[in-house]
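**Student:**
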Amino acid sequence: DVKVTQSSRYLVKRTGEKVFLECVQDMDHENMFWYRQDPGLGLRLIYFSYDVKMKEKGDIPEGYSVSREKKERFSLILESASTNQTSMYLCASREPGAPEAFFGQGTRLTVV
Amino acid sequence: DAKTTQPNSMESNEEEPVHLPCNHSTISGTDYIHWYRQLPSQGPEYVIHGLTSNVNNRMASLAIAEDRKSSTLILHRATLRDAAVYYCILMFSGGYNKLIFGAGTRLAVHP
Numbered sequence: 248d249v250k251v252t253q254s255s256r257y258l259v260k261r262t263g264e265k266v267f268l269e270c271v272q273d274m275d276h277e278n279m280f281w282y283r284q285d286p287g288l289g290l291r292l293i294y295f296s297y298d299v300k301m302k303e304k305g306d307i308p309e310g311y312s313v314s315r316e317k318k319e320r321f322s323l324i325l326e327s328a329s330t331n332q333t334s335m336y337l338c339a340s341r342e343p344g345a346p347e348a349f350f351g352q353g354t355r356l357t358v359v
Numbered sequence: 005d006a007k008t009t010q011p012n013s014m015e016s017n018e019e020e021p022v023h024l025p026c027n028h029s030t031i032s033g034t035d036y037i038h039w040y041r042q043l044p045s046q047g048p049e050y051v052i053h054g055l056t057s058n059v060n061n062r063m064a065s066l067a068i069a070e071d072r073k074s075s076t077l078i079l080h081r082a083t084l085r086d087a088a089v090y091y092c093i094l095m096f097s098g099g100y101n102k103l104i105f106g107a108g109t110r111l112a113v114h115p
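From first to last, the protein sequence lines are chains A and B.
Sequential numbering of the first sequence, starting at 248, is according to the numbering used here.
Sequential numbering of the second sequence, starting at 5, is according to the numbering used here.
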């Protein structure tokens, strides 16, 4: 079974902290994604990586950066966490051209 | 990216069929129609996809209009476990794409 693993299920951070959300996939997929999900707003794409060291902004990249140094790992970075970044964060991976994307269980981040 | 339009919510009774509609009037010839669902407290999961012909799998059926401007996800016998948010997504067939989700349809299933 394909697995997409997010490092934490729940996280509480303070305003201004630098926050790293880690995502690892075990199927050698080229594409990886970071989304946030908020009530009433659905899933919104933050960043997308189509290969190692390659990234593309999604719909809401402001306040976030990403890192993909190895194919299996895609990190989302909040340089200075703010309360409006309190949200559920979801990571996904997919092979280009394949119909199915695989999602992690999500990280619920609370910034206080 | 071509957009999709879905009803915000739908309701069904257990054991009854459910037809979840999706409009995608600006679909291009190379876009596949994908459906995902998100169960409570979980990440989305793939349900089914198609290009032009109707498709069936163990989870659901996908009926695609002849002009491809709309499609319908069919759950033949809804169970309580089918209560979820269902997303209709258009995805370019080749290369990479951003996998953009809309708001989806929240399906409630009543016993």
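We put the CB at the ideal spot given by N, CA and C, even for glycine.
Does the distance between the C-beta of E269/A and the nearest non-hydrogen atom of the ligand HEM fall short of 7 angstroms?
**Tutor:** No copy of the ligand HEM appears in this structure; indeed no ligand is present at all.
**Student:** Taking the alpha-carbon positions, what's the Y336/A to I293/A distance?
**Tutor:** Cα-Cα distance, rounded: 10 angstroms.
**Student:** Determine the closest residue to A348/A out of D275/A, E269/A, G289/A, K304/A, with distance taken between C-alpha atoms.
**Tutor:** The candidate whose alpha carbon is nearest that of A348/A is D275/A.
**Student:** Could you check whether Y36/B and M95/B sit closer than 8 angstroms to each other, using their CB atoms as the reference points?
**Tutor:** For M95/B and Y36/B, yes; Cβs fall inside 8 angstroms.
**Student:** Would you call the CB atoms of C26/B and S57/B closer than 8 angstroms?
**Tutor:** Cβ distance not < 8 angstroms, so C26/B and S57/B don't count as in contact.
**Student:** Which chain A residues are close to A64/B, counting only those with a beta carbon under 8 angstroms from its beta carbon?
**Tutor:** Within chain A, no residue comes near A64/B; the closest Cβ sits about 14 angstroms away, beyond 8 angstroms.
**Student:** Keeping to the same chain, check which residues put their C-beta closer than 7 angstroms to that of V259/A; ignore five residues upstream and five downstream.
**Tutor:** If we look at V259/A and ignore the five residues flanking it on each side, its Cβ neighbours are T357, V359.
**Student:** From E15/B to K300/A, what distance separates their C-alpha atoms?
**Tutor:** So the two alpha carbons sit approximately 44 angstroms from each other.
**Student:** Classify S296/A as buried or exposed, calling it buried when 16 or more other Cβ atoms lie within 10 Å of its own Cβ.
**Tutor:** Looking at its Cβ environment, which holds 16 or more other Cβ atoms inside 10 Å, S296/A is buried.
**Student:** For S57/B, write down the residues that DSSP places opposite it in a beta bridge.
**Tutor:** According to DSSP, which records beta bridges pairwise, S57/B is partnered with nothing at all.
**Student:** Less than 8 angstroms between the C-beta atoms of S322/A and E269/A, yes or no?
**Tutor:** Against a cut-off of 8 angstroms, the Cβ pair of E269/A and S322/A comes out as a contact.
**Student:** Should R81/B be labelled buried (16 or more other beta-carbon atoms within 10 Å of its own) or exposed?
**Tutor:** Burial call: exposed.
**Student:** Tell me which residues share the same chain as A64/B and place their Cβ nearer than 8 angstroms to its Cβ, disregarding the 5 neighbours each side in the sequence.
**Tutor:** Only W39, V51, I52, L77, I78, L79, H80 meet the Cβ criterion.
**Student:** Should Y78/B be flagged as near chain A, meaning a C-beta pair shorter than 8 angstroms?
**Tutor:** Contrary to the premise, residue 78/B reads as Ile rather than Tyr in this sequence. By this cut-off, I78/B is not an interface position.
**Student:** Would you please state the rounded distance, in angstroms, between the beta carbons of G47/B and F267/A? I believe it to be under 8 angstroms.
**Tutor:** Not quite, the Cβ-Cβ distance comes to about 19 angstroms (not below 8 angstroms), so this is no contact.
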